[in-house]
Amino acid sequence: MLQAQAVAILEANPRDSQLAEHLIPTLPLEIYTHILESTDPDTLASVARANSTSQIVAESFLYRGATLLGVDDAVSCCRSLLLARREHRLSALQRFQIFAVYNPLRHPDLAPSIKSIMHAAPKLIDLKIELRGSTSISAETSVQLEQLYSNNGFDHSKFEFLVNVPLLETPTIVESLKSSVVDSLIVPALESIELTQAAVQLLVPHWPVRKVKVLGDIEEEMVDNLLDTLMMSTVHLEHLSLSALCKSSDLLVAMA
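For what it's worth, the numbering used here labels the leading residue of the sequence shown as 13, then goes sequentially.
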């Protein structure tokens, strides 16, 4: 009965860290965890200040997803995640997003910080990097990513990092410095790919993709190259999305 009342009070007043500190000893950890699982970030931050027990449980939910704006915030947050005695934060991380304008002459190098998180977070499956500026992010040892979005840092030499992302299902490559070809046998879990016109050649015949989406307009020659590649492949393509500069009649003839 006391536990039921404590649950009701905590659900009604989740932002009160003093109340949380008083109630936590009366609640089984599994009930307390269940309550916090659907709690908003502000409430989790308040509860995390109650005591060490509530901090670990609340931060395990609070740090499931991290969205960072700006280079300085990204670097400081990465350092915070990697602090000793804060392993529960890193262990909880599943989605990591960074949006920043990066200037190598003014800002610290982001690549080591991002790569440290990418290699150290055991549950990280979704990485989104949107940087204005030039830096290269690539995995040097095996990582568990399933979703990858990047507008930066993957050219012909760097794209070989996919050998270390064996579970990758959906890469979105928004910008590529040059057309690249990669041996897709190293990414057997790949299901779909989104890419810009500069990266069309990333699609190689034996990729087991079901969905191909080209972001941005592509020239008629690129359409022909892409369709020729698909015709040579052994994949069962279910969806093809193109925005082409050539006439629709020419495109239909090419697809036929």
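Quick reminder that beta carbons are idealized off the backbone N, C-alpha and C, glycines included.
Can you give me the Cβ contacts of residue i inside the same chain, cut-off strictly under 8 angstroms, excluding the 5 residues immediately before and after it?
i, result
"residue 92", "98, 101"
"residue 155", "130, 131, 136, 176, 177"
"residue 153", "131, 176"
"residue 169", "Here residue 169 scores only 46 on pLDDT, less than 50, and its place in the model is too uncertain to base an answer on."
So, for residue i: in the same chain, excluding its five sequence neighbours on each side, which residues have a beta-carbon less than 7 angstroms away from its beta-carbon?
i, result
"residue 106", "76, 77, 135, 136, 137, 138"
"residue 68", "100"
Ordered along the chain, which non-local residues of its own chain (more than five positions away) have a Cβ less than 6 angstroms from that of residue i?
i, result
"residue 133", "102, 105"
"residue 81", "111"
"residue 195", "Unreliable placement is indicated for residue 195, whose pLDDT of 47 sits below 50; the coordinate value is still reported in the next sentence. So the list is empty, once near-sequence residues are dropped."
Between the Cα of residue i and those of the options, spot the shortest distance and give me the residue it belongs to.
i, options, result
"residue 85", "66, 95, 120, 69", "120"
"residue 89", "70, 142, 117, 125", "125"
"residue 79", "118, 142, 153", "142"
"residue 108", "235, 83, 140", "140"
Assuming residue i contacts residue j (C-beta within less than 8 angstroms), just tell me the rounded distance between them.
i, j, result
"residue 128", "residue 94", "6 angstroms"
"residue 122", "residue 87", "7 angstroms"
Does any residue of chain D bring its CB to less than 9 angstroms from the CB of residue i?
i, result
"residue 180", "Note that chain D does not occur in the displayed structure, where there is just one protein chain."
Runs of alpha helix (DSSP H) lying entirely within the segment 101-137, each at least 4 residues, in chain order = The DSSP assignment places 123-132 as complete runs of the alpha helix (DSSP H) inside the segment 101-137, in order along the chain (cut-off: 4 residues).
ask   = Curious, which full-length beta strand (DSSP E) runs of at least 3 residues does the segment 65-92 contain?
value = Note on the segment 65-92: whole beta strand (DSSP E) runs with a minimum of 3 residues are 77-81, in chain order.
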